[in-house]
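The sequence shown: position 37 = 219 (this note's numbering), numbered continuously. Don't be surprised by glycine CBs; every beta carbon is placed ideally from N, CA and C.
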Amino acid sequence: MNSNQSSHSHDNIYIWDWVVRVCHWGIVAAFTINYFIAEPGRLIHEITGYAAMVFIAVRIAWGISRPKVMSDGSNTDLHASFANISLSKYAFVEHIKHLKQKQLPTNHGHNPFGWLMVFAVIALLLGLTISGFLMEEIDALFGNSTLEWMHSIMADVLYACVLLHIAAVFFVQYVGNIQLIRPMLTGWRKR
183 MNSNQSSHSH
193 DNIYIWDWVV
203 RVCHWGIVAA
213 FTINYFIAEP
223 GRLIHEITGY
233 AAMVFIAVRI
243 AWGISRPKVM
253 SDGSNTDLHA
263 SFANISLSKY
273 AFVEHIKHLK
283 QKQLPTNHGH
293 NPFGWLMVFA
303 VIALLLGLTI
313 SGFLMEEIDA
323 LFGNSTLEWM
333 HSIMADVLYA
343 CVLLHIAAVF
353 FVQYVGNIQL
363 IRPMLTGWRK
373 R
C-alpha cells in the first residue's frame with residue numbers, strides 16, 4: 183500500500199491509480215477539443231489528436247504491465263490491468279445479477295460492459311489517428327473523400343459511445359448503488 187493509500191480511512195477503497203485517471207481525462211479533453219472546438223485540419227486538431235493517441239498508448243502499456251487483481255479483491259489498486267478482463271458469459275450474467283440486486287461489489291473496477299467500451303474507444307481513437315495521419319501527412323491522400331468520410335463516421339460513432347458511456351455510468355452508479363464518478367476523480371471509492 184502506498185502512502186497515498188494509507189492516508190485514507192478504512193471506509194475507502196483505492197480503485198483507479200493516477201495513470202488511469204490522467205489518461206481517461208486526457209482523452210476526454212482531447213475528444214472534447216477535437217469534436218466540438220478545433221477545426222479539422224488545423225494544427226491544434228492534429229496536435230490534440232496525437233495527444234489522444236499518446237494517452238491511449240500509455241493506457242495500453244499500463245494495462246499490459248499491471249499485475250492481475252487477486253480473486254479475494256486484494257491488490258485493488260491494480261484494476262488497470264488488462265489481465266483482469268473477463269468477457270465470459272458468466273461475467274455478464276454476474277454483473278446483471280448484481281445490478282438486479284442493486285448492489286455491485288465495491289472492490290471491482292470495470293464491469294464487462296465497461297471493458298467493451300474501453301475496447302471501442304481504443305479502436306475508434308486508433309482509427310481516427312491513422313485516418314487523420316494519412317489525410318494530413320501523405321500527400322497522395324490529402325483531401326481523399328473516402329478517408330474524410332471514414333474519419334467523420336468514426337468521430338460520430340465515438341461521440342455516440344461517449345453519450346452511452348456517460349448514461350451507463352449514471353445508470354450503473356444509481357442502480358448498482360456504487361460510486362463510479364468519485365473513483366475516476368480521486369481514485370477512491372467508499373466501501
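Would you kindly work out how many angstroms separate the C-alpha atoms of Tyr232 and Val210, rounded to a whole number? If you take the alpha carbons of Tyr232 and Val210, they lie about 13 Å apart.
Among the candidates Arg371, Met366, Gly296, Arg373, whose CA atom is the shortest distance from the CA of Gly208? Ranking Arg371, Met366, Gly296, Arg373 by Cα distance to Gly208 puts Met366 first.
Could you check the C-alpha separation between Ile320 and Arg373 for me, to the nearest Å? Going by C-alpha positions, Ile320 is about 52 Å away from Arg373.
Member of Arg364, Met317, Phe352 whose CA lies at the smallest distance from the CA of Leu281: It is Phe352 whose Cα lies nearest to the Cα of Leu281.
I'd like to know whether the C-beta atoms of Leu316 and Phe213 end up nearer to each other than 9 Å. Not closer than 9 Å, so no.
What is the DSSP secondary structure of Arg371, reduced to helix, strand or coil? Note: Arg371 maps to strand in three-state DSSP.
Cβ neighbour criterion (16 or more within 10 Å) applied to Thr311: Burial state of Thr311 is buried, judged by a 10 Å Cβ sphere holding 16 or more other Cβ atoms.
Do Ser313 and Pro294 come within 9 Å of each other at the CB atom, strictly closer than that value? Annotated as distal: Pro294 and Ser313, with beta-carbon spacing of 9 Å or more.
I'd like the ranges of any alpha helix (DSSP H) spanning at least 4 consecutive residues and lying wholly in the segment 186 to 230. You should have 200 to 214.
Would you tell me roughly how many angstroms separate the C-alpha atoms of Thr258 and Thr328, rounded to the nearest one? Unreliable placement is indicated for Thr258, whose pLDDT of 49 sits below 50; no coordinate value is reported for it.
How is Ile278 classed by DSSP in three states: helix, strand or coil? Ile278 falls in the helix class under three-state DSSP.
Cα-Cα separation between Trp244 and Asp199, rounded to whole angstroms: Rounded to whole angstroms, Trp244 to Asp199 spans 10 Å at the Cα level.
What's the gap between the Cα of Ile360 and the Cα of Gly369? Spanning the alpha carbons of Ile360 and Gly369 requires a straight line of approximately 14 Å.
Taking only runs that begin and end inside the segment 303 to 372, name each unbroken alpha helix (DSSP H) of 4 or more residues, in chain order. With a minimum length of 4 residues, the continuous alpha helix (DSSP H) runs that stay inside the segment 303 to 372 are 327 to 357, 363 to 368.
With H, G and I counted as helix, E and B as strand and the rest as coil, what does DSSP make of Arg241? Helix.
Going along the chain, which residues of its own chain have a beta-carbon closer than 7 Å to the beta-carbon of Thr230, five neighbours each way excluded? Closer than 7 Å at the Cβ level, and outside the excluded window around Thr230, lie Ala212, Ile215, Asn216, Ala220.
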